[in-house]
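What follows is a set of notes on a single structure, which appears directly below.
Numbering (my numbering), first residue to last: 609 to 1125.
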């Protein structure tokens, strides 16, 4: 058990340390190496960063935008009879220069705003110098004002306008949970391979010991045959036992080689210059007894800590956001528009701006517009689809809840069965040892044959292998229990580093706060 922050799963974890092929692996070093070297986890680590960038894009939609524009028009057009009577101009000429700038944007309630300043220089056939009615030559006007547009039905409210941002934030949590699931699954895979390798190493020791016992028995049988106490048949049986023990040892070493290659694959250990792969060894702590656990101890915690369950809940919340936005889509478009500004007209820009600043010529306006679609099919279809997606997500949560309950119950019950299996295997070792000792004593008294002794030697070796397998399976079962209850990563001191954007909120002043960053 390590401290909570002992191992952070992130892109910054280094691979420093001694060569793992030369130093026995512990659970921690194996997990550390596997989590850093795995390419799939590296890909998963980038997913939250991608979503975090998408969140910033959605937030940017509410940032004020500065705009500026300018235009120049040079027009000549003939006048009709009415215009000619009013202006006494056969050909109307004009040169207009317009400059406009300001700031605008959108608020989370759907309000669009624009603060603008407009300057115009109007030089035409009517106001040019020398004409009797020309007040200004040319005319300069200035206008500064604000324009607001507020949806009252469709497009109104934070639910409708922040849905993309909220869905992006929910997606960030989903990617984080998906990453935790990948890390958890990789830890289970590595730990199972780790314990399988521990079994393979110990089994080689068991088979090696069986070969040594068989060799000693063969030597003792030869000595006693020379003394006339045993027959050549007894020697042949002893040699058969030596051959069988060596065959079992070869098989155990081949299984060890396979487990070592699997560990090399999981840890991405380098290949030597001669093309040979590393031969990692482990230092494992196999359980001698099953820990006592109850279903009530793990099931409630599993619903809080399992990342796949939290992911399913977050998907329900995300679809709920979309459903809320879809309900707004069914409404007709009803917008309220309001504008207010100050106007000034003079013979130069400065005088026009001064006139507008004195507010001698204010201008304001208000209006309303409504758009009602002839068919409500689109809005109803969106709402129906959103409701069905919410129901699908809720059913998946319930399905997962039932599966978690079964997995936790099975894991706890399996510990009880494996505890009985381990106790039985130990009894078998004890009985086989006692039987072998008694049979060897009988052989010394000439009351049995070498075949019986060889058979008991084989049974003792098999019993020790079964006891070892029971301990390994018990240790792996504890790993499974921690995995299905969501406690595996904290148990091994692993903390998945989360993207900081996940913890940020959004408020109405966020656009202006972001401008100051």
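Think of the CB as a built atom: it goes at the ideal place given N, C-alpha and C, for glycine as much as any other residue.
How would you label residue 1087, buried or exposed, when you count the other beta carbons within 10 angstroms and need 16 or more for buried?
buried
Can you list, in chain order, the residues of its chain whose CB lies under 6 Å from that of residue 956, leaving out five sequence neighbours each side?
748
Contact belief for residue 705 with residue 684 at Cβ below 8 Å, rounded distance in angstroms:
Contact doesn't hold; Cβ gap of about 17 Å is too wide.
In the DSSP assignment, the beta strand (DSSP E) including residue 656 goes from what residue to what residue?
Run containing residue 656: none in the beta strand (DSSP E); it sits in the alpha helix (DSSP H), 647 to 668.
Kindly indicate which residue of 977, 963, 931, 969 has the alpha-carbon position closest to the one of residue 943.
977
Quick check: the Cα distance between residue 587 and residue 750, rounded to an integer number of angstroms?
Absent from the model: residue 587. The displayed extent of the chain is 609 to 1125, so no value can be given.
Leaving out the 5 sequence neighbours to the left and right, which residues in its chain are closer than 6 Å to residue 885 when beta-carbon positions are compared?
872, 879
Can you find the residues in the same chain that come closer than 7 Å, C-beta to C-beta, to residue 675, ignoring five residues on each side of it along the sequence?
709, 710, 712
Can you tell me where the alpha helix (DSSP H) holding residue 1016 begins and where it ends?
985 to 1052
N-terminal and C-terminal residue of the beta strand (DSSP E) that residue 755 is part of:
747 to 759
Taking Cβ positions, are residue 890 and residue 638 nearer each other than 9 Å?
yes
What are the partner residues of residue 948, as DSSP defines its beta bridges?
754, 972
Residue 1069: buried (16+ other C-beta within 10 angstroms of its C-beta) or exposed?
buried
Tell me, to the nearest whole angstrom, how far the beta carbon of residue 1071 is from that of residue 1026; I am working on the premise that it is less than 8 Å.
17 Å between Cβ atoms; not a contact.
Hey, quick one: how far does the alpha helix (DSSP H) through residue 769 stretch, first residue to last?
766 to 769
According to DSSP, simplified to helix, strand and coil, what is residue 943?
strand
In this structure, how does DSSP classify residue 829 when only helix, strand and coil are distinguished?
helix
Is residue 929 helix, strand or coil when you go by DSSP?
helix
Please tell me whether residue 752 and residue 730 are closer than 9 Å, where the distance is taken between their beta carbons.
no
Whole angstroms are fine: how far does the CA of residue 831 sit from the CA of residue 1062?
16 Å
Leaving aside the five residues before and after residue 785 along the sequence, list all residues of the same chain whose C-beta is less than 6 Å from its C-beta, in chain order.
915, 918, 919
Mind checking whether residue 633 and residue 888 have CB atoms under 9 Å apart?
yes
Does the distance from the CB of residue 819 to the CB of residue 850 come in under 9 Å?
yes
Determine the contact status of residue 927 and residue 783, defining contact as a CB-CB distance below 9 Å.
no
Taking the alpha-carbon of residue 672 as reference, which of 1065, 663, 700, 719 has the nearest alpha-carbon?
719
I'd like to know whether the C-beta of residue 647 is nearer than 9 Å to at least one C-beta of chain B.
The structure shown contains no chain B; it holds only a single protein chain.
Please go through the same chain and pick out, in chain order, the residues whose beta-carbon is closer than 6 Å to the beta-carbon of residue 941, but skip the five residues on each side of it.
762, 979
Is residue 965 buried or exposed, if buried means 16 or more other CB atoms sit within 10 Å of its CB?
exposed
Given residue 715 as reference, the closest of 668, 635, 734, 733 once Cα atoms are compared:
668
Can you tell which of 686, 700, 909, 744 has its C-alpha closest to the C-alpha of residue 1089?
909
Which partner residues of residue 683 appear in the DSSP bridge assignment?
702
Stretch pair the stretch 999 to 1015 + the stretch 921 to 938: three plus CB contacts closer than 8 Å:
yes
Buried/exposed call for residue 963, threshold 16 Cβ in 10 Å:
buried
Given a cut-off of 9 Å on the beta-carbon distance, is the pair residue 1030 and residue 807 in contact?
no
Quick one: what's residue 919 bridged to in DSSP?
Answer is none; residue 919 lacks a bridge partner.
Going by beta-carbon coordinates alone, are residue 641 and residue 875 separated by less than 9 Å?
yes
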